[in-house]
Amino acid sequence: MWQRSPSDGKMAGETSESSGTSLLHDAAATASKPRHFLKDVIFHGKFQLLNCLTPEENTGCQHGLYFQDGERRVDYILTYHIKKPSSSRSNRQSSRFTDNAFTRSLRRGTARLGRAPPPQPRGDPEVASQDHSMDYHVDDKRLHREEFEGNLRDMGMELEKDEDTKTPGVGFVKIHAPWHVLCREAEFMKLKMPTKKVYEMKQSTGVGAKINTLVNKVTEPLYPNVEDNRTQNIKHLSYMFSREKQHLFDLSDRDSFFDSKTRASIVFEVLKRTKCTKAKYSMGFTSLLGSGVYTDAYPLHDGDLDGENVEPNDRKLLYEEWASYSVFYKYQPIGLVRKYFGEKIGLYFAWLGLYTQMLIPASLVGVIVFLYGCATVDDNIPSMEICHPKNNITMCPLCDRACSYWKLKEACGTARASHLFDNPATVFFSIFMALWAAMFMEHWKRRQMRLNYEWDLTGFEEEEDHPRAEYELRVMQKSLKKEHKTQKNPTEIAEETTNKWKQTVQSAMAGLQLTEKEKLTCRDRLPAYMTNVVMMLLMIGVTFAIVFGVILYRISTKTALHMSNNPTTRSNVRLTVKTTAAIINLVVILILDEVYGAVARWLTVLEVPKTDKSFEERLIFKTFILKFVNAFTPIIYIAFFRGRLVGRPGSYLYVFESYRMEECAHGGCLMELCIQLSITMLGKQLIQNNLFEIGIPKLKKLIRYIKSKRRSFQEEEREKKLQRYETDHFLEPFAGLTPEYMEMIIQFGFVTLFVASFPLAPLFALLNNIIEIRLDAKKFVAELRRPVAARAKDIGIWYNLLRAVAKVAVIINAFVISFTSDFIPRLVYQYMYSPDGSMHDFVNHTLSYFNVSNFQDGKEPMDPQHQVEMCRYKDYREPPWSNTPYVISKEFWAVLAARLAFVIVFQNVVMLMSDIVDWLIPDIPKDISLQIHKEKILMVELFMKEEQGKIQFIDSMIPCGGKEKHNNHAPIARSRSIPHTHSHTHANNF
């Protein structure tokens with residue numbers, strides 16, 4: 001515990017005197033050694049100046065966790081802007097709250113009567129008037145703060161102000177919740193706390209127990225070095241805290257009974273309930289933050305991360321055993337994460353850890369499938385036929401005029417590479433990944449239920465949250481408008497000009513009374529809903545337009561490269577166009593992701609959701625739709641549309657009458673799909689998920705220092721020790737878990753949706769997540785302010801999105817296998833058209849003939865390298881010498897029927913197998929179900945023993961004569977005890 005220093009007991013005069021001496025010393029040091037902060041950081045590269053105030057480097061932040069008395073812990077911090085006098089730093093003063101009732105009544109009286117306008121400063125009249133209006137604005141905020149802080153003290157909170165800090169322009173309000181407030185709010189919030197009752201958890205026996213013991217011994221080095229890294233056999237019986245039943249709980253150490261996470265959440269709950277009612281509108285805590293009355297609000301971290309004299313704390317332990325890259329191979333200390341950050345963040349990291357573990361078998365199978373393709377590429381008959389030196393098949397030009405005829409053997413490399421991802425093993429891998437997704441979902445439900453039991457959330461039900469400030473404001477405006485219409489008449493119109501203040505107060509009070517009855521209806525939100533629909537369609541249209549623009553880029557670039565005089569350029573046209581187009585798509589996706597995130601938030605704000613939970617769910621849904629369409633539209637185009645709207649030689653399909661639609665390579669579009677998918681997935685993971693998460697917080701930290709007006713920076717300033725709340729003030733505010741979940745959901749889509757075309761996707765996702773876990777951990781521990789702990793028993797809407805993606809993945813993979821790859825055409829040829837049941841002559845079977853004399857005027861090659869009469873193209877059409885030339889042949893319809901049949905069979909079989917897996921695996925583990933039932937029985941027994949103890953205590957307090965009189969009334973006492981006995985029996989039967 002932080003020890004109180006001897007200087008804490010000094011008198012106020014001594015403190016101010018020492019402060020003044022220190023300020024004079026600072027001023028002298030500044031005059032003797034001037035130093036420009038931005039110049040040192042940017043031009044001289046002295047980035048250590050930034051780190052001198054960060055928790056990693058500053059070893060002096062040992063103060064600030066307690067009030068000035070060194071006993072009351074700081075549970076929460078509010079910051080506000082203060083106007084510093086420009087003459088000298090020595091004019092700064094420190095003001096602290098006291099519990100002086102006279103001072104508080106004097107302030108409130110001043111607020112009621114109004115403040116006399118300050119005297120006009122001399123000088124320029126315009127500057128004077130601006131300063132005068134600014135002073136009024138500052139005074140208005142100060143009055144709001146005084147009222148709000150007075151209401152907090154009325155709620156039982158203890159406050160202390162500090163304006164004499166090393167952070168210029170920022171004042172701090174330290175909040176401490178005393179014991180009686182913690183007990184009261186814990187009872188209101190229905191917090192489950194451990195009781196004195198301890199019971200032994202039932203351990204499994206038999207073969208399963210021996211296997212678990214063996215596994216635990218093998219995985220011993222993988223567990224972090226924390227106290228609660230293993231499941232213990234002893235557990236405290238938990239019960240909702242009650243002030244009347246405090247004897248059930250172990251209150252021997254009141255300071256540690258409610259940990260810092262719980263204390264901060266209790267204070268936050270009080271802050272949300274406290275309001276300012278003297279203004280025209282009732283202003284809650286979020287309204288005060290939004291209007292600038294307070295600039296920030298946050299709980300404090302427990303301590304420093306490193307240093308010579310750093311005391312052990314949970315934050316330091318998390319930094320060493322969780323946020324370090326050197327422990328990437330270890331399990332996460334989920335229990336400690338939950339203890340420090342709360343259940344909601346703990347569930348996120350538990351889900352991320354389980355998802356990463358489940359990627360290990362998927363990655364192994366994907367690598368095996370890829371190696372199978374590599375091993376069988378030399379035995380693949382179609383690619384061998386294409387690459388054969390005697391292959392003299394002449395193909396039709398790939399573009400008009402600029403392109404010439406070409407030999408099929410030039411596509412040898414593409415055909416061999418396509419076999420790596422287009423082989424019979426990919427069908428098996430698609431089925432495996434569909435079952436893997438079902439297993440992952442079921443495994444997470446079981447893991448989630450186990451965490452709910454361990455974290456005492458089995459009976460937790462989320463209550464309706466407090467209305468958001470924006471919702472209250474809209475309802476207030478609606479109420480005032482309605483009241484104004486009902487009470488407006490000519491007499492009131494005449495009175496309005498004479499008594500505006502009285503009418504405003506009456507309307508506001510009437511609006512306050514109507515707020516509870518009024519609510520925003522669908523009619524009120526109709527303009528916002530219409531705006532949402534139009535903007536969502538517009539953003540999706542923008543995505544389609546950009547994809548269409550990239551298509552035009554590929555078409556025009558391919559034509560331009562074919563006209564090049566460089567033979568190397570002409571030989572690598574396909575690879576160049578594919579790669580550059582994929583990179584352009586990646587850059588556009590990264591840019592639009594940021595734009596769509598801002599648009600989704602703006603649209604959600606327009607809807608004015610009532611609660612924070614409703615706001616979060618609507619924001620998640622919009623963001624997911626826009627980002628999902630943005631990430632997968634280019635991939636869907638290549639997989640299902642490219643090469644199918646081309647036409648044939650002599651009758652090609654054109655865009656804008658000049659751009660011929662692009663074709664797939666002879667090996668199909670699967671290779672191009674693989675290139676697009678790999679570049680998009682790896683680019684998003686490396687650039688957006690990792691580089692942005694590292695670079696942007698550093699950049700924002702630099703901007704915050706610039707905005708804090710630290711224009712001068714001397715060496716003596718580096719040696720000063722900031723308070724804990726000052727250090728946390730410069731950390732990045734916590735923005736929620738939505739970005740973290742969103743990037744993982746999109747990655748889950750890459751892993752499952754098109755896995756048939758890219759079996760290495762699980763491997764790249766696994767490698768990314770190993771880094772992502774430690775990166776997120778370091779960000780939460782060292783880069784972000786400590787978030788307010790939030791209780792949650794599941795991951796919410798994200799689970800529904802995961803299930804939806806897993807279901808859609810089955811359908812998409814069925815279409816990829818049947819329509820994008822050549823798997824179905826090969827099967828049809830082998831079993832219907834091959835004379836010997838082999839794949840020989842398959843390539844020739846898939847190529848149609850075209851007479852070059854049938855080219856349209858101006859579309860034939862300008863400089864043909866080969867003099868040919870017939871060229872070949874990939875399609876199922878009748879030859880030019882048939883009675884119906886260039887008409888779709890019967891082979892096309894046979895292949896199409898087989899493709900559709902495969903989609904139907906694959907989809908139903910895989911979904912049936914997924915449902916069977918879902919049915920076979922119970923959502924609640926059997927041992928957890930038994931432990932929950934045992935807890936209910938123990939709780940009933942505990943209360944029965946308590947009641948019997950009360951009866952025995954009452955009997956012992958009654959005199960002997962009174963006992964005889966009491967025995968005469970024994971039947972009545974027994975009759976009253978019957979319901980308790982009955983409930984006990986019923987609970988045991990349950």
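Okay, so the sequence shown: first residue is 1 according to UniProt numbering, each after it adds one. We treat Cβ as the ideally placed atom computed from N, Cα and C, and that holds for glycine.
Between which two residues does the beta strand (DSSP E) harbouring Glu661 extend?
Locating residue 661 in the sequence shown gives position 661, where the first residue counts as 1. Before going on, a small fix: residue 661 reads as Met here, not Glu. DSSP places Met661 in no beta strand (DSSP E); its state is neither H nor E.
Give a yes or no on whether the minimum CB-CB distance between Val534 and chain B is below 8 Å.
Note that chain B does not occur in the displayed structure, where there is just one protein chain.
Reducing DSSP to helix, strand and coil, say where Glu616 ends up.
Numbered from 1 along the sequence shown, position 616 holds the residue referred to as residue 616. Helix at Glu616.
Option nearest Val588 by Cα separation, candidates Thr680, Leu847, Tyr471
By one-based count along the sequence shown, residue 588 stands at place 588. If we check each option's Cα against that of Val588, Thr680 comes out closest.
Examine the ligand FMN and report whether any of its heavy atoms sits within less than 7 Å of the Cβ of Asn844.
Summarising the ligand content, the structure contains no ligands, and the ligand FMN is consequently not present.
With distances taken between CB atoms, is the gap from His419 to Ser383 smaller than 8 Å?
Stepping through the sequence shown from its first residue, residue 419 is reached at position 419. Stepping through the sequence shown from its first residue, residue 383 is reached at position 383. Taking C-beta atoms as the reference points, His419 and Ser383 count as a pair closer than 8 Å.
Considering only the beta carbon of each residue, do Leu251 and Thr195 sit closer than 8 Å?
Position 251 of the sequence shown, counted from the start, is the residue given in the question as residue 251. Position 195 of the sequence shown, counted from the start, is the residue given in the question as residue 195. Against a cut-off of 8 Å, the Cβ pair of Thr195 and Leu251 comes out as no contact.
Measure the C-alpha to C-alpha separation of Glu518 and Val475 and round it to an integer number of angstroms.
By one-based count along the sequence shown, residue 518 stands at place 518. By one-based count along the sequence shown, residue 475 stands at place 475. So the alpha carbons of these two residues sit roughly 7 Å apart.
With a cut-off of 8 Å, do at least 3 Cβ pairs link the region 364-378 to the region 400-420?
At 8 Å Cβ cutoff, the stretches touch.
With 16 as the cutoff for other CB atoms within 10 Å, does Leu912 come out buried or exposed?
Reading the sequence shown from its first residue, position 912 is the one you call residue 912. Leu912 is exposed by the Cβ-count criterion.
Could you tell me the alpha carbon to alpha carbon distance between Ile369 and Lys610, rounded to whole angstroms?
Here the question's residue 369 lines up with position 369 in the sequence shown. Here the question's residue 610 lines up with position 610 in the sequence shown. For clarity, residue 369 is Val in the given sequence; the question names Ile instead. The C-alpha of Lys610 is placed about 50 Å away from the C-alpha of Val369.
Start and end of the alpha helix (DSSP H) containing Arg774?
Along the sequence shown, read from residue 1 onward, the residue named residue 774 stands at position 774. For Arg774, the enclosing alpha helix (DSSP H) stretches over residues 761-778.
Let me know the secondary structure DSSP gives Asn851 once reduced to three states.
For this step, residue 851 is matched to residue 851 along the sequence shown. Residue state, collapsed to three classes: strand.
Around the Cβ of Ala901, are there at least 16 other Cβ atoms within 10 angstroms (buried) or fewer (exposed)?
Here residue 901 is taken as the residue at index 901 of the sequence shown, counted from 1. Within a 10 Å sphere around the beta-carbon of Ala901 sit fewer than 16 other beta-carbons, which makes this residue exposed.
I'd like to know whether the C-beta atoms of Tyr725 and Lys174 end up nearer to each other than 8 Å.
Locating residue 725 in the sequence shown gives position 725, counting from the first residue. Locating residue 174 in the sequence shown gives position 174, counting from the first residue. Between Tyr725 and Lys174, the gap from beta carbon to beta carbon is short of 8 Å.
For Lys197, I'd like the list of residues in its chain whose CB is within less than 6 Å of its CB, leaving aside the five on either flank, ordered along the chain.
Your numbering for residue 197 matches position 197 in the sequence shown. The residues are Leu237, Leu942.
For Ala600 and Lys622, which I take to be in contact (beta-carbon distance under 8 Å), what is that distance rounded to the nearest angstrom?
Here residue 600 refers to the residue found at position 600 when the sequence shown is read from its first residue. Here residue 622 refers to the residue found at position 622 when the sequence shown is read from its first residue. The Cβ separation is near 4 Å, so the contact holds.
Residues bridged to His394 [DSSP beta-bridge criterion]:
Residue mapping note: residue 394 aligns to position 394 of the sequence shown, counting from 1. The displayed chain sequence assigns Thr, not His, to residue 394. Paired residues: Lys407.
Using a Cβ-Cβ cutoff of less than 7 Å, which residues in the same chain neighbour Leu248 once the five nearest sequence positions on both sides are dropped?
If you number the sequence shown from 1, residue 248 lands on position 248. Cβ neighbours of Leu248 beyond the five flanking positions: Thr195, Lys196, Tyr239.
I'd like the ranges of any alpha helix (DSSP H) spanning at least 4 consecutive residues and lying wholly in the region 791-859.
DSSP assignment within the region 791-859 yields the following whole alpha helix (DSSP H) runs of 4 residues or more, N-terminal first: 797-815, 823-828, 842-845.
Cα separation between Gln948 and Met939?
Looking up residue 948 in the sequence shown gives position 948. Looking up residue 939 in the sequence shown gives position 939. Rounded to whole angstroms, Gln948 to Met939 spans 14 Å at the Cα level.
So, at 7 Å on beta carbons, what are the nonlocal neighbours of Val816 in its own chain, with the 5 sequence-adjacent residues on each side left out?
Here the question's residue 816 lines up with position 816 in the sequence shown. Closer than 7 Å at Cβ, skipping near neighbours: Ala639, Phe754, Ala756, Ser757.
Short check: CB of Tyr319 to CB of Tyr223, under 8 Å?
Residue numbering aside, residue 319 sits at position 319 when the sequence shown is read from its first letter. Residue numbering aside, residue 223 sits at position 223 when the sequence shown is read from its first letter. Against a cut-off of 8 Å, the Cβ pair of Tyr223 and Tyr319 comes out as no contact.
DSSP three-state label for Thr198, please.
Translated into the one-based positions of the sequence shown, residue 198 becomes position 198. A small correction: the amino acid at residue 198 is Val; Thr does not occupy that position in the sequence shown. DSSP places Val198 in strand when its eight states are reduced to three.
Could you check what DSSP says for Lys275 in three-state terms: helix, strand or coil?
The residue given as residue 275 occupies position 275 in the sequence shown. In the three-state reduction of the DSSP assignment, Lys275 falls in the coil class, being assigned neither a helical nor a strand state.
Simplified DSSP state of Leu673, which is helix, strand or coil:
As a working note, residue 673 is residue 673 in the sequence shown. Three-state DSSP puts Leu673 in a helix.
For Arg872, which option in Lys627, Leu408, Leu317, Ala350 has the closest C-alpha, if you only look at C-alpha atoms?
Within the sequence shown, residue 872 is the residue found at index 872, counting from 1. That would be Leu408, whose Cα lies nearest to the Cα of Arg872.
Would you say Cys674 and Gly643 are within 8 Å of each other, going by their C-beta atoms?
Residue mapping note: residue 674 aligns to position 674 of the sequence shown, counting from 1. Residue mapping note: residue 643 aligns to position 643 of the sequence shown, counting from 1. In this structure, Cys674 keeps its C-beta atom at 8 Å or more from the C-beta atom of Gly643.
Using C-beta distances below 6 Å, list every residue in its chain close to Tyr372, excluding the 5 sequence neighbours before and after it, in chain order.
What you label residue 372 is simply residue 372 of the sequence shown in a count that begins at 1. The answer, listed in chain order, is Ala425.
Let me check understanding here. Comparing Cα to Cα, which of Thr414, Ile636, Pro178, Pro168 lies closest to Leu722?
Against the sequence shown, residue 722 aligns to sequence position 722. Minimum Cα-Cα distance from Leu722 among the listed residues Thr414, Ile636, Pro178, Pro168 corresponds to Pro168.
Are there 16 or more other CB atoms within 10 angstroms of the CB of His180, so buried, or fewer, so exposed?
Indexing the sequence shown from 1 puts residue 180 at position 180. Taking every protein chain shown into account, the CB of His180 has fewer than 16 other CB atoms within 10 angstroms, so this residue is exposed.
Which of helix, strand or coil DSSP assigns to Ala375:
Your numbering for residue 375 matches position 375 in the sequence shown. In this structure, Ala375 counts as helix in the three-state DSSP scheme.
Kindly indicate which three-state DSSP category Ile77 falls into: helix, strand or coil?
For this step, residue 77 is matched to residue 77 along the sequence shown. When secondary structure is reduced to three states using DSSP, Ile77 falls in the strand class.
Indicate whether Thr738 and Leu619 have their beta-carbon atoms separated by less than 8 Å.
As a working mapping, residue 738 is identified with position 738 in the sequence shown. As a working mapping, residue 619 is identified with position 619 in the sequence shown. Leu619 sits close to Thr738, with the two beta carbons spaced by under 8 Å.
Measure the C-alpha to C-alpha separation of Met155 and Ala264 and round it to an integer number of angstroms.
Position 155 of the sequence shown holds residue 155. Position 264 of the sequence shown holds residue 264. The straight-line gap separating the alpha-carbon atoms of Met155 and Ala264 is approximately 15 Å.
Using a Cβ-Cβ cut-off of 7 Å (strictly less than) and excluding sequence neighbours within five positions of Cys399, which residues of its own chain qualify?
Position 399 of the sequence shown, counted from the start, is the residue given in the question as residue 399. Contacts found: Lys558, Thr559, His562, Arg660.
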